[in-house]
Each structure stands twice: as structure tokens, then as C-alpha cells.
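Peer 1: Shown below is the structure under consideration.
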Amino acid sequence: MKTEVIERMEAQRRQAELLRELNFQQFALDQHSIVSMTDSDGKITYTNGRFCKISGYSEKELLGNNHRILKSGVHPESYYNEIWDTISKGLTWRGEVCNKAKDGTLYWVNASIVPFMGDSGPERYISIRTDITERKRAEEALRAAEERSRLLLESVGEGIFGIGEDGLVDFINQEALKLLGYEADELIGQKIHPIIHHTHADGSHYPIEECPMHKSATEGSFHKVEDELLWRKDGSCFPAQYTSVPIVKGGKLSGVVVLFRDITEQQRANQAISEARTAAEEATRAKSDFLANMSHEIRTPMNAIIGMSHLAIQTDMDSKQRDYVNKIHHAADSLLGLINDILDFSKIEAGKLDMETIPFSLDDTLEKCATLISVKTVEKGLELLIDIDPDVPHGLVGDPLRLGQALTITWRTTQSNSPSRVKSFYASRW
Numbered sequence: 001m002k003t004e005v006i007e008r009m010e011a012q013r014r015q016a017e018l019l020r021e022l023n024f025q026q027f028a029l030d031q032h033s034i035v036s037m038t039d040s041d042g043k044i045t046y047t048n049g050r051f052c053k054i055s056g057y058s059e060k061e062l063l064g065n066n067h068r069i070l071k072s073g074v075h076p077e078s079y080y081n082e083i084w085d086t087i088s089k090g091l092t093w094r095g096e097v098c099n100k101a102k103d104g105t106l107y108w109v110n111a112s113i114v115p116f117m118g119d120s121g122p123e124r125y126i127s128i129r130t131d132i133t134e135r136k137r138a139e140e141a142l143r144a145a146e147e148r149s150r151l152l153l154e155s156v157g158e159g160i161f162g163i164g165e166d167g168l169v170d171f172i173n174q175e176a177l178k179l180l181g182y183e184a185d186e187l188i189g190q191k192i193h194p195i196i197h198h199t200h201a202d203g204s205h206y207p208i209e210e211c212p213m214h215k216s217a218t219e220g221s222f223h224k225v226e227d228e229l230l231w232r233k234d235g236s237c238f239p240a241q242y243t244s245v246p247i248v249k250g251g252k253l254s255g256v257v258v259l260f261r262d263i264t265e266q267q268r269a270n271q272a273i274s275e276a277r278t279a280a281e282e283a284t285r286a287k288s289d290f291l292a293n294m295s296h297e298i299r300t301p302m303n304a305i306i307g308m309s310h311l312a313i314q315t316d317m318d319s320k321q322r323d324y325v326n327k328i329h330h331a332a333d334s335l336l337g338l339i340n341d342i343l344d345f346s347k348i349e350a351g352k353l354d355m356e357t358i359p360f361s362l363d364d365t366l367e368k369c370a371t372l373i374s375v376k377t378v379e380k381g382l383e384l385l386i387d388i389d390p391d392v393p394h395g396l397v398g399d400p401l402r403l404g405q406a407l408t409i410t411w412r413t414t415q416s417n418s419p420s421r422v423k424s425f426y427a428s429r430w
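Take a look at the structure:
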């Protein structure tokens with residue numbers, strides 16, 4: 001009898017210790033995990049405080065209810081069916097679940113659902129969860145950032161690829177694949193130089209040690225190359241402009257990004273512009289040559305007219321005849337000046353106009369100009385007055401022909417555009 005009492009007391013002691021240990025474990029579990037228990041039909045029989053806090057439901061609202069009260073609509077019905085099929089077979093299910101709190105907000109948990117088996121199958125289920133909402137938000141933010149980066153890489157009109165610190169391609173955009181004629185899996189994880197950058201335009205081998213992309217990846221140097229060949233999968237090549245930019249993280253070189261574009265059309269456009277410029281220059285030269293020849297052909301008889309009319313003026317003739325010859329003489333002078341102006345204009349266009357730097361008399365130059373326009377001045381009823389400041393020297397150094405042309409054009413323009421009766425020219429020192 002005494003032995004039975006001792007054994008009963010020992011059993012009670014062990015049971016109390018076990019219960020105390022279980023209480024400790026439950027306390028520790030409640031501090032860090034979201035815990036609930038259900039019966040075999042899925043009705044909630046126990047919840048801890050963390051479950052109530054994250055779901056927003058009270059213990060009274062949860063007990064006797066089904067976990068379907070937390071369904072968020074994020075997962076398809078088949079997802080929940082898979083969970084139930086697993087635990088109803090006595091197997092533990094582990095995974096991530098998005099639940100909906102009482103206020104409608106969504107939260108994510110990492111759950112382990114463990115069945116407690118009886119003689120006829122699972123009698124109850126215990127669910128132990130940890131809140132991973134912040135982690136899921138961070139993952140979603142990272143996915144969104146990666147998607148934005150991907151869209152950015154795909155939207156630019158240039159080929160872009162990256163080389164990791166191991167020297168292998170670790171990403172490449174669609175434009176680059178399109179330009180090079182490869183699929184992504186043919187280039188990812190490969191050394192790029194032997195594939196697309198192996199040969200110079202003259203057919204000679206391009207050593208990788210000389211490749212600017214390789215130097216960026218190994219030396220951390222920035223390179224911009226205006227014109228080098230890149231080779232396609234089909235063996236053809238195209239001229240490319242590219243930039244290789246080293247990637248440095250924490251002071252350590254971790255790779256390189258290369259941006260490139262096909263400049264075939266740009267080179268064709270540049271060639272067309274160059275050809276058009278050459279054609280325009282040739283046309284200008286031809287025009288200048290034509291004007292020079294024509295001016296020579298015209299000036300020869302024009303000089304004869306000027307000379308002969310000058311001689312005729314020296315002879316005896318009546319006033320009417322003298323007026324006619326004077327007009328012929330001055331018209332020829334004017335026409336010769338116009339021819340010289342046209343020739344000078346063509347020289348300016350061709351960039352061949354040479355300015356003289358010689359001593360000349362300002363008085364002589366002004367007198368010649370006045371003689372050329374005097375007839376027109378008189379015909380218009382104008383009077384030409386030339387006034388030279390005493391401080392202006394009579395002997396100058398420059399191009400008297402160009403000065404005379406400029407003054408003549410100025411006077412003729414003034415005669416044509418102004419109704420004034422008197423015109424004057426005033427020269428002063430600057």
C-alpha cells in the first residue's frame with residue numbers, strides 16, 4: 001500500500017514537472033509565434049495573444065470559428081485544398097500564407113501545421129506561424145525595383161550587358177540580343193570578348209588584353225570608343241560606338257556595364273553629308289571659275305568701250321553727242337564695277353578673296369568713286385559733297401579697290417533709297 005502511494009506521488013510529480021515544462025515552452029512559443037489549435041473539423045479551439053493581435057479578432061470571435069475567416073483571396077482555392085489534403089493524411093505542411101485581418105489589411109505568415117494523430121486519424125491540428133509581412137513587403141519592393149530596372153534596360157535604344165567580377169556576362173538586354181543575333185542563354189555565363197569582339201576591321205586578331213571592355217573589368221578604367229567592330233552570331237559585323245563603365249561596390253571592383261549602339265546609319269548619313277559638301281564645294285568652284293571666265297570675257301570688250309569712249313570725249317562733238325558718249329562711258333564703268341562685285345562675291349563664297357595691303361591715296365580713291373556715280377547723282381538732282389576730316393591722313397595702307405567698291409555700293413544704295421537733294425560723305429579718324 002505504501003509503495004502504491006509513493007508511485008502515485010512520483011507520477012504526480014513527473015506530471016507536474018512535465019506540465020510546468022510544457023507551460024514554459026508554451027510561454028516561450030507565445031512570445032515569438034502566432035499559435036492556434038483546431039479540432040479535426042478545422043474549428044479553432046485555442047489561440048494565443050499574438051494570433052488575436054495580428055488578426056484583429058478577439059479570442060471569443062475566433063474560438064469555434066474556422067480559419068476560413070482569415071482567407072485573403074490572394075491564394076486560389078486549390079492552395080487551401082492542398083494544405084488540407086496534406087494535413088488530413090497526417091503530414092506536416094509548411095509554407096507561406098497571406099491572411100486578411102478583421103480590418104481588411106493583409107498580412108503574411110510562415111506557417112507550420114502539425115496534425116496530432118489518434119487511432120482513426122488526425123484529432124487536432126496545431127498551427128505555429130511567424131509574421132513575415134515586412135519581409136514580403138521588402139521582397140515586393142525589391143521585385144518592383146528589379147522590374148523597373150528591367151523595363152528601363154529594355155526601353156533604352158541601346159544594347160546593354162553586364163560583366164561580373166568573374167569576367168562572365170551576368171545580364172544582357174533585348175536590344176543587345178537583337179543587335180548581336182543571340183539568345184540570352186547563349187551569352188549569359190560566357191566571356192564576351194571571344195564571341196563579339198575578337199577581330200579588328202582589317203581582319204587581324206584583337207587581343208583581349210587590348211580590349212577596353214576587358215580593361216574596365218580588370219583595371220576599373222572608364223572607356224568610350226567611337227568606332228569599333230562588333231561581330232554577330234551569323235559572322236557579320238557592324239560598326240559600334242560603346243562605353244564601358246566599371247562597377248565599384250565598397251571600394252572593390254565588382255564588374256562592368258557596357259552600353260553600345262550600331263552606328264551604321266550614322267556613318268552612312270555622315271558619308272552622305274560629306275559627299276553633299278564635296279559636291280557643293282565643286283559646284284561653288286565651278287561657279288567661281290565660270291564667273292571668272294565670264295568676267296574676263298566681258299571685261300576685255302568693256303575696257304575697250306571705256307577706253308574708246310574716253311578718247312571720244314576728248315574730241316570735238318556737240319553737246320548731245322557728248323552727253324551720249326558720257327553716258328556710255330559711265331555706264332560701262334558702272335557695269336565693270338558690277339562685274340568686279342560679282343567676281344568678288346564668288347571669291348568670298350569660295351573662300352578665295354584676298355585683301356591687298358598696299359599704300360594708297362584716299363583722295364584718289366574717293367575721286368574715282370565720285371566719277372563713277374556723278375552721272376547718276378546729277379540725273380537724280382542730287383549734289384555729292386565729300387568732306388574729309390583734317391585728322392585723316394591722305395596716305396593710307398589697305399585695299400583701295402575693296403574700299404572703292406564698298407563706297408560705291410553705299411552711295412548707289414543711298415541714291416536709290418533716299419529723296420534728299422543733297423548727299424554728303426564724311427571721313428574721320430576712329
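Mapped onto UniProt numbering, the consecutive letters of the sequence shown carry residue numbers 1 to 430. Virtual Cβ for every residue (Gly too), placed ideally from N, Cα, C. All values derive from a computational prediction rather than experimental measurement.
1. Is residue 294 helix, strand or coil by DSSP?
2. Could you give the distance in angstroms between the alpha-carbon of residue 387 and the alpha-carbon of residue 411?
3. Taking 6 Å as the limit between beta carbons, can you name the residues of its chain near residue 126, skipping five residues before and five after?
4. So for residue 43, helix, strand or coil by DSSP?
5. By the 10 Å Cβ neighbour count, where 16 or more other Cβ atoms means buried, how is residue 103 classified, buried or exposed?
6. Tell me whether the stretch 213–223 and the stretch 171–185 touch, counting them as touching only if at least three CB pairs, one residue from each stretch, are closer than 8 Å.
7. Under 8 Å, do residue 309 and residue 343 count as touching if we go by C-beta distance?
8. Is it a yes or a no for the stretch 103–112 touching the stretch 132–147, going by three-plus beta-carbon pairs under 8 Å?
9. Could you please give me the residues that DSSP links to residue 237 through a beta bridge?
10. Going by DSSP, which residues form a beta bridge with residue 362?
11. How do the stretch 199–210 and the stretch 223–236 stand: do at least 3 beta-carbon pairs fall below 8 Å, yes or no?
12. In angstroms with no decimal places, state the Cα-to-Cα distance between residue 413 and residue 224.
13. Does the count of Cβ pairs from the stretch 118–125 and the stretch 165–181 closer than 8 Å reach three?
14. Have a look at residue 50 and residue 145 and give me their C-alpha separation to the nearest angstrom.
15. Closest to residue 106 by CA distance: which of 55, 149, 92, 306 is it?
16. Can you give the beta carbon distance from residue 339 to residue 326, rounded, assuming they're within the 8 Å contact cut?
17. Specify the secondary structure class of residue 124 as computed by DSSP and reduced to three states.
18. Just the Cα atoms here: how many angstroms apart are residue 246 and residue 217?
19. Just curious, the alpha helix (DSSP H) that residue 187 is in, first and last residue?
20. Alpha carbon to alpha carbon, how far is residue 358 from residue 397? Give it in angstroms, no decimals.
21. If residue 176 and residue 160 are in contact, beta carbons under 8 Å, what's the gap, nearest whole angstrom?
22. Thinking residue 260 and residue 158 are a contact (beta carbons under 8 Å), I'd like their distance in whole angstroms, please.
23. Note down, in chain order, each residue of its chain lying with its Cβ closer than 8 Å to the Cβ of residue 423, except the 5 sequence neighbours on either side.
24. How would you label residue 395, buried or exposed, when you count the other beta carbons within 10 angstroms and need 16 or more for buried?
25. Determine the DSSP secondary structure at residue 333, reduced to helix, strand or coil.
26. Which of helix, strand or coil does DSSP assign to residue 214?
27. Out of 234, 264, 257, 233, state which residue places its alpha-carbon closest to the alpha-carbon of residue 240.
28. Helix or strand or just coil, what does DSSP make of residue 431?
29. Would you mind giving the Cβ-Cβ distance between residue 192 and residue 169, rounded to the nearest angstrom? I have them listed as a contact below 8 Å.
30. Going by C-alpha distance, which of 53, 328, 319, 40 is nearest residue 307?
31. For residue 429, I'd like the list of residues in its chain whose CB is within less than 7 Å of its CB, leaving aside the five on either flank, ordered along the chain.
32. Indicate whether residue 365 and residue 404 have their beta-carbon atoms separated by less than 8 Å.
33. Going by the beta-carbon positions, is the gap between residue 399 and residue 356 smaller than 8 Å?
34. If you reduce the DSSP assignment to three classes, tell me which class residue 91 lands in.
35. Taking only the alpha-carbon atoms, compute the straight-line gap between residue 149 and residue 208 and give it to the nearest angstrom.
36. From residue 100 to residue 73, what distance separates their C-alpha atoms?
Peer 2: Working from what's here:
1. Here residue 294 corresponds to residue number 294 of the sequence shown, with the count starting at 1. Of the three classes helix, strand and coil, the one that applies to residue 294 here is helix, per DSSP.
2. Position 387 of the sequence shown holds residue 387. Position 411 of the sequence shown holds residue 411. Their backbone Cα atoms lie some 14 Å apart in a straight line.
3. If you number the sequence shown from 1, residue 126 lands on position 126. Once the five neighbours on either side are set aside, the close Cβ partners of residue 126 are 37, 114.
4. For this step, residue 43 is matched to residue 43 along the sequence shown. Residue 43 falls in the strand class under three-state DSSP.
5. Counted from its first residue, the sequence shown places residue 103 at position 103. Answer is exposed; the Cβ neighbour count stays below 16.
6. no
7. Translated into the one-based positions of the sequence shown, residue 309 becomes position 309. Translated into the one-based positions of the sequence shown, residue 343 becomes position 343. Taking 8 Å as the Cβ cut-off, residue 309 and residue 343 do not qualify as a contacting pair.
8. yes
9. Working through the sequence shown from its first residue, we reach residue 237 at position 237. DSSP output for residue 237 lists 231 as bridge partner(s).
10. As a first step, residue 362 is located in the sequence shown; it is residue number 362 there, counting from the start. BP columns for residue 362 are empty, so no partner.
11. yes
12. Along the sequence shown, one-based indexing puts residue 413 at 413. Along the sequence shown, one-based indexing puts residue 224 at 224. Residue 413 and residue 224: Cα-Cα distance of roughly 56 Å.
13. no
14. Taking the sequence shown and counting its residues from 1, the one referred to as residue 50 is at position 50. Taking the sequence shown and counting its residues from 1, the one referred to as residue 145 is at position 145. Going by the C-alpha atoms only, they are around 32 Å apart.
15. For the purposes of this step, residue 106 is taken as the residue at position 106 of the sequence shown. Answer by Cα proximity: 55.
16. In the sequence shown, the residue the question calls residue 339 occupies position 339. In the sequence shown, the residue the question calls residue 326 occupies position 326. In fact, because the Cβ distance is near 20 Å, the residues do not count as touching under 8 Å.
17. Counting from 1 along the sequence shown, the entry for residue 124 is found at position 124. Residue state, collapsed to three classes: strand.
18. For this step, residue 246 is matched to residue 246 along the sequence shown. For this step, residue 217 is matched to residue 217 along the sequence shown. About 6 Å.
19. Along the sequence shown, read from residue 1 onward, the residue named residue 187 stands at position 187. That run of the alpha helix (DSSP H) goes 184–187.
20. Within the sequence shown, residue 397 is the residue found at index 397, counting from 1. Within the sequence shown, residue 358 is the residue found at index 358, counting from 1. Cα to Cα, the separation comes out at about 5 Å.
21. Here residue 176 refers to the residue found at position 176 when the sequence shown is read from its first residue. Here residue 160 refers to the residue found at position 160 when the sequence shown is read from its first residue. Between residue 160 and residue 176 the Cβ distance is about 6 Å, and since that is below 8 Å, they are a contact.
22. Along the sequence shown, read from residue 1 onward, the residue named residue 260 stands at position 260. Along the sequence shown, read from residue 1 onward, the residue named residue 158 stands at position 158. Between residue 158 and residue 260 the Cβ distance is about 6 Å, and since that is below 8 Å, they are a contact.
23. In the sequence shown, counting from the first residue as 1, residue 423 sits at position 423. For residue 423, the predicted model reports a pLDDT of 44, less than 50, meaning its position is unreliable and no value from the coordinates is stated.
24. Reading the sequence shown from its first residue, position 395 is the one you call residue 395. Residue 395 should be labelled exposed.
25. Stepping through the sequence shown from its first residue, residue 333 is reached at position 333. Three-state result, residue 333: helix.
26. Along the sequence shown, read from residue 1 onward, the residue named residue 214 stands at position 214. If DSSP states are grouped into helix, strand and coil, residue 214 belongs with the helices.
27. In the sequence shown, counting from the first residue as 1, residue 240 sits at position 240. Cα-wise, what sits closest to residue 240 is 264.
28. Residue 431 lies beyond the residue range present for the chain, which begins at 1 and ends at 430; the question has no answer from this structure.
29. If you number the sequence shown from 1, residue 192 lands on position 192. If you number the sequence shown from 1, residue 169 lands on position 169. Indeed, because the Cβ distance is near 5 Å, the residues count as touching under 8 Å.
30. Locating residue 307 in the sequence shown gives position 307, where the first residue counts as 1. Ranking 53, 328, 319, 40 by Cα distance to residue 307 puts 328 first.
31. Within the sequence shown, numbered from 1, the residue matching residue 429 stands at position 429. Annotation note: pLDDT 46 at residue 429 (below 50); position unreliable, no value reported.
32. Locating residue 365 in the sequence shown gives position 365, counting from the first residue. Locating residue 404 in the sequence shown gives position 404, counting from the first residue. Cβ atoms of residue 365 and residue 404: closer than 8 Å.
33. If you number the sequence shown from 1, residue 399 lands on position 399. If you number the sequence shown from 1, residue 356 lands on position 356. The answer is yes: Cβ separation under 8 Å.
34. Here residue 91 refers to the residue found at position 91 of the sequence shown. It is coil, neither helix nor strand.
35. Translated into positions along the sequence shown, residue 149 becomes position 149. Translated into positions along the sequence shown, residue 208 becomes position 208. Each residue's Cα considered, the two are about 30 Å apart.
36. Here residue 100 is taken as the residue at index 100 of the sequence shown, counted from 1. Here residue 73 is taken as the residue at index 73 of the sequence shown, counted from 1. If I take the Cα positions, the gap works out to 8 Å.
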